[in-house]
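Protein chains in written order, with full-length UniProt numbering: chain A, 1 to 837; chain B, 1 to 837.
All C-beta atoms, glycine included, are put in the ideal place defined by N, C-alpha and C.
These notes are about the structure you will find just below.
Number of protein chains: 2
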Amino acid sequence: MQKCFQYLMYGRYTQELGVYAKVEAARLRDGEVRDGSGLRRNTSVRSRAADLLEYEKDPCAKCQVCASRCQKFLISRVGEDWIFLILLGLLMALVSWVMDYAIAFCQEAQKWMHGGLDSNLLLQYIAWVTYPVVLITFSAGFTQILAPQAVGSGIPEMKTILRGVVLKEYLTFKTFVAKVIGLTCALGSGMPLGKEGPFVHVASLCAALLSKFMAALFGGSYMNELRNTEMLSAACAVGVGCCFAAPIGGVLFSIEVTSTFFAVRNYWRGFFAATFSAFIFRVLAVLNQEEDTITALFKTRFRLDFPFDLQELPAFAILGVACGFGGALFVYLNRLIVECMRKQKTINKFLLRKRLVYPALVTLLVSTLTFPPGLGQFMAGQLTQHESLVALFDNRTWCRQGVAEEFDYISHHHAWKHPQVNLFITLILFIIMKFWMSAVATTMPVPCGAFMPVFLIGAGFGRLVGEIMAVMFPDGIQVDGTVYPIVPGGYAVVGAAALSGAVTHTVSTAVIVFELTGQISHILPVMIAVILANAVAQALQPSLYDSIIRIKKLPYLPELGMGHHEKYNIRVEDIMVRDVRYITLNSSYRDLQEMLLTGQLRTLALVESRDSMILLGSIERLQLQSLLSQQLGRQRRLEYLRQLAQDNGNQDHLPSLTTDSSPSSACSFAALNTSTNVRPAQTLDDQSKIIRSIILKGLFVCFWPLFPLQISEWEEQQLDEPVEFKNCKIDPAPFQLVEQTSLHKTHTIFSLLGLDHAYVTSMGRLVGVVSLKELRKAIEGSVTVTGVKVRPPLASFRDSGNSTNVSEVTELHKLCIRHRGLSYISMHQNHPKHTNS
Amino acid sequence: MQKCFQYLMYGRYTQELGVYAKVEAARLRDGEVRDGSGLRRNTSVRSRAADLLEYEKDPCAKCQVCASRCQKFLISRVGEDWIFLILLGLLMALVSWVMDYAIAFCQEAQKWMHGGLDSNLLLQYIAWVTYPVVLITFSAGFTQILAPQAVGSGIPEMKTILRGVVLKEYLTFKTFVAKVIGLTCALGSGMPLGKEGPFVHVASLCAALLSKFMAALFGGSYMNELRNTEMLSAACAVGVGCCFAAPIGGVLFSIEVTSTFFAVRNYWRGFFAATFSAFIFRVLAVLNQEEDTITALFKTRFRLDFPFDLQELPAFAILGVACGFGGALFVYLNRLIVECMRKQKTINKFLLRKRLVYPALVTLLVSTLTFPPGLGQFMAGQLTQHESLVALFDNRTWCRQGVAEEFDYISHHHAWKHPQVNLFITLILFIIMKFWMSAVATTMPVPCGAFMPVFLIGAGFGRLVGEIMAVMFPDGIQVDGTVYPIVPGGYAVVGAAALSGAVTHTVSTAVIVFELTGQISHILPVMIAVILANAVAQALQPSLYDSIIRIKKLPYLPELGMGHHEKYNIRVEDIMVRDVRYITLNSSYRDLQEMLLTGQLRTLALVESRDSMILLGSIERLQLQSLLSQQLGRQRRLEYLRQLAQDNGNQDHLPSLTTDSSPSSACSFAALNTSTNVRPAQTLDDQSKIIRSIILKGLFVCFWPLFPLQISEWEEQQLDEPVEFKNCKIDPAPFQLVEQTSLHKTHTIFSLLGLDHAYVTSMGRLVGVVSLKELRKAIEGSVTVTGVKVRPPLASFRDSGNSTNVSEVTELHKLCIRHRGLSYISMHQNHPKHTNS
């Protein structure tokens, strides 16, 4: 059976099989290797170290002609960066502005329809409901067909990508188109959806595509991976920056949301690009005569001389804490909805079949509830998000002494003032309805974010608290004879920052709110509320983005939470995989073959010998595959065949063979070999099928079957030879940990260096391997629960005392004995006379 | 000679010598080891990895009693953090406020003196000049006597400390007192000095002292090193935050100025502490009835609806570029002055002898030039920094149509309006004089920063540009019929942010300026100017802090500058030290002794054998010293002596020896040994001196001289034994690089992990070592110039092609051969029959 299998594997290969294998090999070379580390297909973790290496490569290695031009490029790389960032900023500002324009147009159209049909309530209702349903359904369908990766906010994916994981389809042109058009439709529908998250993704897409375009045009450093990652992190800042015209907040928000460790030297990129983008975005508004000059997006006009009193600070603090609980509840609710959908098998099945039903139903529900002549009249249903925010940030008090003031009905304040219903009931209804609606709406499979809806809810909540304060202190605050009334708009600003900060676990929403309103006078209340909201929310729930990462099971290394000090007691030896795949210096090709057939790891460890287990380096799977194929490749077979033929005397067959050295057939064997090793289960079937078809077609032109016995003998012999590592690329310094390294340290090192796996060594001896998968499991607690020994807190490999770890000592001892034994032997070998005498 | 030396070393030890050695050992244990890696005395680089390890240690390892309490502490560590940060914020706010109060009092006193003596110009001049001279001289003398480390801004030192270098005296109570009092006097003198930089240092001091205090009170995690580092970085934010009441800007500025890679998870600490501190700082002002409520420090009142026009943006951009050049010039000038002082040997000698003369002279010069009835009247000499800034940020135009307006002389505007002299001349004189005065004044040996003076000069320059614009466009800007006049105050804000940004190479000055003025309406001009200023300044000069780091020769790893792409062509093998000190598994104690006597490295590499050179780990010097002392220690000597005595029959001497096993004499040998190895040059002299004194005193009680010959023989024999590594702590996974690693990657890894040194291995074989020193040299270019081979850009150890590096192949080959040879041998040994047959 074993022989038969080998016969199938190496014995027969034809032109056609070769073509198939070549395609397969190309696929593999393109990086679509299914690696066995628990990641989904088409994702492969790249270590940052590897990226760094590529950074150092000659950018134009392939093209030898333009070496001097490359040199110039290298020197002027910073200049390129500037150009790239300007282009990126310009593009994104244009996209943002055009999208805003289209969204405003959509919303105007809905209003016009709604206004034009006010004679008939049913018609009005149908128009009000149909419009968003059609838009959302189109958006969902369009993204589903073109690029399902465009669904959702995109920040979790960007976080994962910036961690070093390659999620290929997330940065394609298709996704860009799907995201932009889908987002425009989704936002145009007037549903409680946000623009910020998707815009981070759009900007990253834009940067990735621009990089590709520039690389195609100019080559050079645009082809570098690390540079592209740096540009991606700048792009995230641009996304937020040009969405809100908030460059500083954008940079900080993108850092907080996407990074674990931030390289300060990349700081200026984000600032520059975001500022430029925000500038162009606002200039476009000026050029379009929407604005007189560049000002903030939601400009407030709070008084500057006395923005708030010290006595109001407790109210701001309470607002912050309440927003913290609210934020945690929002994240929980959002996750609950998704999990409910998944668990209910019947719903799940139905939704999977009819993907457009769910968004349509949700939209129908939400738009029915906000129908202005219906329930909508009690919750400012006819206002868009922008209009609501402008109203909520208004610096006038809506309500005094419990009765709503007769404020002049400019802009959209009338929506909040129902003739029969108290203002407070309107506000409370607005908050509660928007809360669950936003939580539900953001689960729809359309490109959408949750930042803006949450921001709006926070503003509403803040306004509610502010109005309550205004009622409680109707005379305002008296300081030195001057009366300063309470400004509920200030509370709205604080609430917006606090709730969005709580949901996203960021502090920079404070900065975003300053840039959005154009006023910084409420800095202290905002900072206090945001910090308190963060403290509460972080203690209760993960951030919305981390929650989505968990739901989507993205290959991201979770943060070590605050207060999880039991992590210090878990060591690497508790989580490592002890059954490491390795090859030794004197492995035979047979060992290699077995290793490749049984394991699926992307890299294999190279140790000195099975006894010493001293780690020398690591070799990539592809390298080993090429070694194996060289050993059993066409060239060597031909040589052997020629010799065999010479021996047997049938020299006449051979010229045809040697001339038939077309590259396709030459590499086919290697490719077949490769594909075989990657998919051991399928390939046997595949191959036999293909070979059967070949037999049927009578294309059996190979010479191998002429000498079946000799050839299998030759193969056996070849496989028994020790591996020649001469032409193999070895990574001579893979990252090493020791068994006693704690989980905390391992996590830090993996995050810092963007590692994929690390070998665990003990005195130079390989004892295990830890990959991202094990680490993630350990952090998420699944390992802790099932079988990890929890150690005393003294778990450190460099204890202060002098007592050495027992196992370490034993191993060192072994090593010493072994070594002395060897040196004794070699001494005896070198001085045979001495021993004899 | 060798024998004689050993005799001295091991032969004689007495009680008194033991005491001396014990003290010496304690000193060494305290970490004040002079390491040989080129750092100054009392500084030792700690790797971040080592800190991480300590983080994981049982916080209460020493005290076994309170184990359960410790557990509680661990769990509530986050709670502790909050408490600590609140305390820190509170303390710093108090310090800042009291200091401001004292400074204001000093300045009032000077004004009062100056005002009271207006009858006599000479008396007035003497009073005006004497006051600052006395204050500055006192400040310089006080810091000189108490703690010379308090001199200067402190940001460069904090940058170095946060990089992982321990600069011990920089964080003591003495330094704190010297810095606070010295700074108050220096600022009270009215010289152009700043508060920000020193405040970063004061806050760090405060955090360090508070940590010590808390550790003494509660123990627990307060004793942890990594935690303290995290707190230091939060403290830097607090320093800026409570100095300017700018929490967000404070956090960002401290990150930009002190960090290379920033851990986002530490972000909230800085925000929380800085916000709390700024809050308390401003609350104190309210409580003291200085303010009605919490507002910005330099509140501006620019119009909100139309802060600036698009047509003004080119002027802002030009202002930014000019500030960039100005900032670079300032840094250059500052360095030039220091270097001139140093180079002029006569001046240098004189200044070193009379340290107080230089500050006194500089103060005399500056205060003479600013004397209000003299030159001072043309440059607003009588105004303090605070008053000048308030005036410069004023939202009125001072000058229209070339003639100064008759603006009402509230506050301090009259100082800018000289009856005979044009406003522009006053402004230009102000800028030029302040420019060089600030550059000179910041070189004085007093605690002082340069941020505020630079900020003021920038504001002056901005005001100048603004006034010129106002003259050029006397009718302002007409939009839709409304006339908006130019606001020169806005230009002052932009100029202040741009110049301070250029000098410090930070973008966050933009945020600081918003928080200082309480208005964010000029966000786009500020951002544009700051980014342009940074781009220009970074291309021309290092930042002021990096410049000071170079001048002071602090052990900091410089940044890889932008555009220095030749760094990619330098590899580790070009800079590494090939002559690595190592010990092998079968080293004898004599090898160990020689290694310790000749080298001065803190850690030694452990390799398998001299032939294989396979790196197994690294051992700390202290460990080896204790190994050596165990081998030749008192216990073993006594045993040997007893045996010797038994053999010789004089058993009667021994009881006195064995009972005299006081710990002091027991450990004295070890300690002596230790001190000897650390300072091989001095110790011989020291020892012989001490021994001579002992001989004179007749305290010669040791028994060793009774058997001089046997004992030296015994010592020789002991030294020839192979080292027993059983009781020795080995770091089994020191950080490894390969020869082909580029300088760029090495730099990144050293920065990320805070490494001190890394071993260079090739296929597991130790070939070299790179320490911070070599890396620094290589980056600073000294190596590049003298002898580094510059490689083609294809210098990467994982080339894309299949061609392996020649040296690697050769070594692998060697290894294979050697290994196969060994296995062949062992095979022969295992199967002797097989070979014989």
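Q.
From the DSSP secondary-structure annotation, give me the bridge partner or partners of A:Thr-300.
A. Locating residue 300 of chain A in the first sequence gives position 300, counting from the first residue. Answer is none; A:Thr-300 lacks a bridge partner.
Q: At 9 Å on the CB atoms, spell out the chain A contacts of B:Glu-108, in chain order.
A: The count along the second sequence starts at 1 and reaches residue 108 of chain B at position 108. One finds nothing in chain A with a Cβ atom closer than 9 Å to the Cβ of B:Glu-108; even the nearest lies about 24 Å away.
Q: Confirm, please, whether the CB-CB distance from A:Ile-549 to A:Gly-156 is below 7 Å.
A: The sequence position of residue 156 of chain A within the first sequence is 156, counting from 1. The sequence position of residue 549 of chain A within the first sequence is 549, counting from 1. In the sequence under discussion, the amino acid at residue 156 of chain A is Pro, which differs from the Gly named in the question. In this structure, A:Pro-156 lies near A:Ile-549, with their beta-carbon atoms less than 7 Å apart.
Q. Helix, strand or coil: how does DSSP classify A:Gln-736 here?
A. The sequence position of residue 736 of chain A within the first sequence is 736, counting from 1. Note: A:Gln-736 maps to strand in three-state DSSP.
Q. Taking the C-alpha atoms as reference points, what is the distance between B:Pro-372 and B:Thr-426?
A. Translated into positions along the second sequence, residue 372 of chain B becomes position 372. Translated into positions along the second sequence, residue 426 of chain B becomes position 426. Taking the straight line from one Cα to the other gives about 13 Å.
Q | Bounding residues of the alpha helix (DSSP H) (the contiguous stretch that carries A:Phe-262) | A | By one-based count along the first sequence, residue 262 of chain A stands at place 262. Per DSSP, A:Phe-262 lies in no alpha helix (DSSP H) segment; the continuous beta strand (DSSP E) that holds it begins and ends at 261–263.
Q: Give the residues of chain B in contact with A:Tyr-267, contact being defined as C-beta atoms less than 7 Å apart.
A: Here the question's residue 267 of chain A lines up with position 267 in the first sequence. What A:Tyr-267 touches in chain B: Glu-256 and Val-507.
(Q) Taking beta-carbon pairs under 9 Å, can you tell me which members of the segment 121–153 of chain B lie near chain A? (A) Those residues of the segment 121–153 of chain B that come within reach of chain A (Cβ to Cβ, closer than 9 Å) do not exist; the list is empty.
Q: Could you tell me whether any Cβ in chain B is nearer than 7 Å to the Cβ of A:Ile-531?
A: Taking the first sequence and counting its residues from 1, one reaches residue 531 of chain A at position 531. Contacts with chain B at 7 Å (Cβ-Cβ) include A:Ile-531.
Q. In whole angstroms, what is the alpha-carbon distance linking residue 838 of chain A and B:Lys-343?
A. Outside the shown range of chain A (1 to 837) lies residue 838 of chain A, about which nothing can therefore be said.
Q. Where does A:Ile-614 fall in DSSP's three states?
A. Reading the first sequence from its first residue, position 614 is the one you call residue 614 of chain A. Here A:Ile-614 sits in strand by DSSP.
Q. Counting only beta-carbon atoms, is A:Leu-217 nearer than 7 Å to chain B?
A. Residue mapping note: residue 217 of chain A aligns to position 217 of the first sequence, counting from 1. For A:Leu-217, the answer is no, since every Cβ of chain B falls outside 7 Å of its Cβ.
**Q.** Burial state of A:Cys-340 (16 or more Cβ within 10 Å)
**A.** By 1-based counting over the first sequence, the position of residue 340 of chain A is 340. By the 10 Å Cβ count, A:Cys-340 comes out exposed.
(Q) Looking at the secondary structure, which residues open and close the beta strand (DSSP E) in which B:Gln-377 lies? (A) Residue mapping note: residue 377 of chain B aligns to position 377 of the second sequence, counting from 1. Here B:Gln-377 belongs to no beta strand (DSSP E), and DSSP marks it neither H nor E.
Q) Going by Cα to Cα distance, which pick from B:Ser-438, B:Lys-168 and B:Val-580 is closest to B:Leu-369? A) Here residue 369 of chain B corresponds to residue number 369 of the second sequence, with the count starting at 1. Checking every option, the nearest Cα to that of B:Leu-369 belongs to B:Ser-438.
Q | Through-space distance from B:Leu-601 to B:Gln-519, alpha-carbon basis | A | Translated into the one-based positions of the second sequence, residue 519 of chain B becomes position 519. Translated into the one-based positions of the second sequence, residue 601 of chain B becomes position 601. In a straight line, the C-alpha of B:Gln-519 is about 55 Å away from that of B:Leu-601.
Q) Which residue comes first and which comes last in the alpha helix (DSSP H) that contains A:Leu-603? A) Counted from its first residue, the first sequence places residue 603 of chain A at position 603. The displayed chain sequence assigns Thr, not Leu, to residue 603 of chain A. For A:Thr-603, no alpha helix (DSSP H) encloses it; the enclosing beta strand (DSSP E) starts and ends at 603–607.
Q. By how many angstroms is the C-alpha of B:Ser-587 removed from the C-alpha of A:Glu-739?
A. Residue mapping note: residue 739 of chain A aligns to position 739 of the first sequence, counting from 1. Residue mapping note: residue 587 of chain B aligns to position 587 of the second sequence, counting from 1. Cα-Cα distance, rounded: 26 Å.
Q: Examine chain A for any beta-carbon lying closer than 7 Å to the beta-carbon of B:Phe-253, and answer yes or no.
A: The sequence position of residue 253 of chain B within the second sequence is 253, counting from 1. Answer no: the Cβ-Cβ gap between B:Phe-253 and chain A never drops below 7 Å.
Q | Inter-residue spacing [alpha-carbon to alpha-carbon] between A:Trp-398 and A:Gly-458 | A | Along the first sequence, one-based indexing puts residue 398 of chain A at 398. Along the first sequence, one-based indexing puts residue 458 of chain A at 458. Spanning the alpha carbons of A:Trp-398 and A:Gly-458 requires a straight line of approximately 17 Å.
Q.
For the beta strand (DSSP E) containing A:Thr-584, name the first residue and the last one.
A. Residue mapping note: residue 584 of chain A aligns to position 584 of the first sequence, counting from 1. First-last of the beta strand (DSSP E) with A:Thr-584: 582–584.
Q: Using a Cβ-Cβ cut-off of 7 Å, state whether residue 875 of chain A counts as contacting chain B.
A: Residue 875 of chain A lies beyond the stretch modelled for chain A, which goes from 1 to 837, so this question has no answer here.
Q: Determine the extent of the beta strand (DSSP E) in which A:Gln-478 is found, giving its start and end residues.
A: Locating residue 478 of chain A in the first sequence gives position 478, where the first residue counts as 1. Element bounds for A:Gln-478: 477–479.
Q. Which residues of chain A have a Cβ atom closer than 8 Å to the Cβ of B:Ile-248, listed in chain order?
A. Taking the second sequence and counting its residues from 1, one reaches residue 248 of chain B at position 248. Around B:Ile-248, the beta-carbon contacts reaching into chain A at under 8 Å are Ala-510, Val-511, Ile-523 and Met-527.
Q) So A:Asp-731 and A:Ser-618 are in contact, right, with Cβ under 8 Å, and what is the actual spacing, rounded? A) Taking the first residue of the first sequence as position 1, residue 731 of chain A is located at position 731. Taking the first residue of the first sequence as position 1, residue 618 of chain A is located at position 618. Separation of the CB atoms of A:Asp-731 and A:Ser-618 is rounded to 5 Å, and the pair is thereby assigned contact status at 8 Å.
Q | Complete runs of the alpha helix (DSSP H) confined to the segment 191–237 of chain A [at least 4 residues] | A | Fully enclosed alpha helix (DSSP H) runs of 4 or longer: 196–218.
Q.
Any beta carbon from chain A within less than 7 Å of B:Leu-333's own beta carbon?
A. The residue labelled residue 333 of chain B in the question sits at position 333 within the second sequence. By this cut-off, B:Leu-333 is not an interface position.
**Q.** Bridge-paired residues (DSSP) for A:His-757
**A.** Walking along the first sequence from the start, residue 757 of chain A turns up at place 757. Answer by DSSP bridge pairing, in chain order: A:Ser-771.
Q | At least 3 beta-carbon pairs within less than 8 Å: the segment 119–130 of chain B vs the segment 199–206 of chain B | A | Taking one beta carbon from each stretch, the segment 119–130 of chain B and the segment 199–206 of chain B have fewer than 3 pairs nearer than 8 Å; the two do not touch.
Q: Anything in the segment 749–772 of chain B with a Cβ closer than 8 Å to a Cβ of chain A? List those residues in chain order, please.
A: Result list: Ile-749, Leu-752, Leu-753, Thr-761, Ser-762, Met-763 and Gly-764.
(Q) Between A:Ser-259 and chain B, is any beta-carbon pair separated by less than 7 Å? (A) Along the first sequence, one-based indexing puts residue 259 of chain A at 259. The Cβ of A:Ser-259 sits closer than 7 Å to at least one Cβ of chain B.
**Q.** N-terminal and C-terminal residue of the alpha helix (DSSP H) that A:Thr-175 is part of
**A.** As a working mapping, residue 175 of chain A is identified with position 175 in the first sequence. First-last of the alpha helix (DSSP H) with A:Thr-175: 173–188.
(Q) Using the Cβ count rule (16 or more neighbours within 10 Å means buried), how would you classify B:Thr-584? (A) Residue numbering aside, residue 584 of chain B sits at position 584 when the second sequence is read from its first letter. Burial call: buried.
Q | Min CB distance B:Gly-270 to chain A below 7 Å | A | The residue labelled residue 270 of chain B in the question sits at position 270 within the second sequence. The Cβ of B:Gly-270 sits no closer than 7 Å to any Cβ of chain A.
Q: Pick helix, strand or coil for A:Gly-449, following the three-state DSSP scheme.
A: Position 449 of the first sequence holds residue 449 of chain A. The three-state secondary structure of A:Gly-449, taken from DSSP, is strand.
Q: Compare the beta carbon distance of B:Ala-186 and B:Ser-139 with 7 Å and say whether it is the shorter of the two.
A: For this step, residue 186 of chain B is matched to residue 186 along the second sequence. For this step, residue 139 of chain B is matched to residue 139 along the second sequence. Yes, the pair counts as a contact, with Cβ atoms nearer than the cut-off.
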